[in-house]
Amino acid sequence: KNIAPRVLLFGQLVRTIVRKLTNEMTMTLKRCVEQNKDFQVQFGIKSGIVTNGLKYSLATGNWGDQKKAMSSTAGVSQVLNRYTFASTLSHLRHTNTPIGRDGKLAKPRQLHNTHWGLVCPAN
């Protein structure tokens, strides 16, 4: 399993959340300037943007903005299967190969000798 894509996906998620937060702050600042009010940071920063953005992505597995759910990456996060110890290990060691089931290549599906004890051959 590779950790780098998960880190990149999480970085993209944080980047979109921070971008949304800065856009909301600039809109609040513009409103304060137009109405000749003092800008207060505690009212300009809405903590719900960060909290709800992270909660939505981790709860649903749709990695991206909630409004753009159709274009977001699906299945990034999952609830860990805790039925039995064996099912938990199987769930943690599950790998997703990006090849179709109809393909005729056998080599990507074969278990390599170095994967002994790490990857279940039944999955």
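Under the UniProt record's numbering, think of the first position of the sequence shown as 1, with each following residue one higher. Note that the Cβ used here is the ideal one computed from N, Cα and C, for glycine as well. Predicted model, so just to flag it, every value in this text is computed and none were measured.
Residue j beta carbon less than 7 Å from that of residue i
i   : j   : result
G11 : T28 : no
W63 : L9  : yes
L21 : I49 : yes
Coil, strand or helix - residue i by DSSP
i    : result
T73  : strand
K104 : coil
I17  : helix
K37  : coil
CB-CB length for residue i against residue j, believed under 8 Å
i    : j   : result
V119 : R93 : 6 Å
Y56  : Q66 : 5 Å
I17  : G53 : 4 Å
Residues that DSSP places opposite residue i in a beta bridge
i   : result
W63 : T73
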